[in-house]
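Student: Pasting in a structure now, in structure tokens, and then I'll have a few things to ask.
2 protein chains.
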Amino acid sequence: MTIDVLVVEDDPVAADAHALYVGRAPGFRCVGAVHSVGAALRFLERRRAEGDPVALLLLDLYLPDGHGLELVGRLRAAGHDADIIAVTSARDLATVRQAVSVGVVQYLLKPFAAASLRSKLEHYARYRASLARDGEALGQDEVDQAFAELRSADRSTLPKGLTGATLEAVAAVLRQSDVGLAAAAVGTAAGVSRITARRYLEYLVETGRAVREPQYGNVGRPELCYRPR
Amino acid sequence: MTIDVLVVEDDPVAADAHALYVGRAPGFRCVGAVHSVGAALRFLERRRAEGDPVALLLLDLYLPDGHGLELVGRLRAAGHDADIIAVTSARDLATVRQAVSVGVVQYLLKPFAAASLRSKLEHYARYRASLARDGEALGQDEVDQAFAELRSADRSTLPKGLTGATLEAVAAVLRQSDVGLAAAAVGTAAGVSRITARRYLEYLVETGRAVREPQYGNVGRPELCYRPR
DNA sequence: CACGTTTGCGTTCATACTGTTCACGGCCGC
DNA sequence: GCGGCCGTGAACAGTATGAACGCAAACGTG
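In order, the protein sequence lines correspond to chains V and L.
Residue numbering for the first sequence follows the UniProt record's numbering, beginning at 1 and increasing consecutively.
Residue numbering for the second sequence follows the UniProt record's numbering, beginning at 1 and increasing consecutively.
Shown next, in the form of structure tokens:
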């Protein structure tokens, strides 16, 4: 189930670049790039008429014929429910706040690294996945989970308490083993304590580079196994 | 800098309770409670005219004169930029998704514990605080931080002794099978013991996401079959 | 209708892993 | 040379899991 994306960006060069990045992200497909509010509305309208609505907009806020957030208001009024990732150089409080209030799910400041956009897209994909269940009955924890996926945990700079070298060592151990490894096992393999290993493994999970799954069968609290993703 | 909140809730008793909880949260003030879409719009309009706009809505989605999300669309069209916390018993995918797309910042399922609402309000307050800097120039880190505060889930939703991962595994098994499954069967399918499976199945029953019905006909104590709801 | 049989439920408890707190040692800046 | 900061690990309390076991509930038989 690919996610159809429309790039709305004033600058043609930037638009091409964004489209390229979107195409490279697994699960995403760039279905078009437009350069104005009017063109975006027409594009969305046409796709919806064809029964193939766009799911996500990569939206620049400075457009020749209006503001990006104005476009959001107009497309909501027209009944479109596409999600929005703002990609803009607008770094003022009021704009960010207003973007949140109209339902922008992610906010990426220009200029950005390709990896940053990628990370935001991956988070969005996970959000979609967590709401793509067949069963209709959701619980509070599932809703919370979905909302949490929308938060961006991509840090270009490592958080306090973590070192690049140790992270590399832990990641290397994890990469070499195909089976899931417990925090303690990773620790001994990487030459650090279980606590430190866990710290870095949790960071890898948060940034989406590892998954964590419990190992059942034995008595006692289940062991958490980490695997690369 | 207190945050002015308007409660929009059909049921007067619930509205009072919500208002009470809001008043108890530090930094928040409940400035009113209304029971319909129309009243909400009039209230917001009046407050704005008085130069004292409402910052946050606690919004029930089932209202006598329309759907809560419809209210969101209309108030956005009127230029209001209040943030929305949905407080509703609507637990279907489509509603949650649409709520996200129109800019609902938190989604709280009824019935809820007072602590849950409190936690959501606190997260919102932290989001506001992280965007309340005087300096206008925001960095990507600060924007990310603000978004993270907005969406982060509170783990306290699950009772002691239960894990999100295991709950997910059990719920997935139950969802995939249309016929009723015994606790033992669910256990083996999910890779956990009957006891653990039962623990989580009972939780699902308690939260209204599964039903439990005895299976008669064979000799011996009847088998309890769990089914999704 | 009563009693034994049979089958699975529900609870208690040992158990092993988790997650957190706090103190130590090293490093950089001053 | 010294003080503060930061990454690491040891100890410990907390917690999720499954084995064992007594009991409950329906059927079968007399």
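Beta carbons: idealized from backbone N, C-alpha and C, even for Gly.
#1: Within 8 Å (strictly less), CB to CB, does L:R76 reach chain V?
#2: Would the segment 30–44 of chain L count as touching the segment 211–221 of chain V if we require 3 or more Cβ pairs under 8 Å?
#3: Which two residues bound the contiguous alpha helix (DSSP H) that contains L:V205?
#4: Just to confirm before moving on: does the CB-CB distance between L:V96 and V:V34 stay below 8 Å?
#5: Run through chain V and tell me which residues come within less than 8 Å of L:Y216, C-beta to C-beta.
#6: Should L:G191 be flagged as near chain V, meaning a C-beta pair shorter than 8 Å?
#7: Quick one: is V:K120 buried, meaning 16 or more other Cβ sit within 10 Å of its Cβ, or exposed?
#8: With respect to the alpha helix (DSSP H) encompassing V:Y107, which residues constitute its N-terminal and C-terminal limits?
#9: CB-CB under 8 Å to L:G208, same chain, minus the five flanking residues each way: which ones, in chain order?
#10: Measure the alpha-carbon distance for L:A210 versus L:A171 and round it to whole angstroms.
#11: Tell me which residues share the same chain as V:A169 and place their Cβ nearer than 8 Å to its Cβ, disregarding the 5 neighbours each side in the sequence.
#12: With 16 as the cutoff for other CB atoms within 10 Å, does L:G23 come out buried or exposed?
#13: Out of L:L108, L:L59 and L:L20, which one is the CA nearest neighbour of L:R151?
#14: So, are the CB atoms of V:H80 and V:L44 less than 8 Å apart?
#15: Can V:P53 and V:R46 be called in contact, C-beta distance under 8 Å?
#16: With a floor of 3 residues, list each beta strand (DSSP E) that falls wholly inside the UniProt domain "Response regulatory" (4–125) of chain V, ordered by position along the chain.
#17: Can you name the start and end residues of the alpha helix (DSSP H) that V:L174 belongs to?
#18: If you reduce the DSSP assignment to three classes, tell me which class V:R227 lands in.
#19: Run through the DSSP bridge pairs and tell me what L:V211 is partnered with.
#20: Determine which residues share a DSSP beta bridge with L:A182 and list them.
#21: Cα separation between L:R126 and L:E149?
#22: Mind pulling the chain L residues with CB within less than 7 Å of residue 232 of chain V?
Tutor: The short version:
#1: yes
#2: no
#3: R194 to E206
#4: no
#5: Near L:Y216 there are no residues of chain V at all, since even the closest Cβ is about 26 Å away, more than 8 Å.
#6: yes
#7: buried
#8: First-last for V:Y107: V104 to L109, but that is the beta strand (DSSP E), not the alpha helix (DSSP H).
#9: R229
#10: 9 Å
#11: A190, G191 and V192
#12: exposed
#13: L:L108
#14: yes
#15: no
#16: 28–34, 56–59, 83–88 and 104–109
#17: G164 to Q176
#18: strand
#19: L:R227
#20: L:C225
#21: 6 Å
#22: Lying outside 1 to 229, the shown extent of chain V, residue 232 of chain V is not represented and no answer is given.
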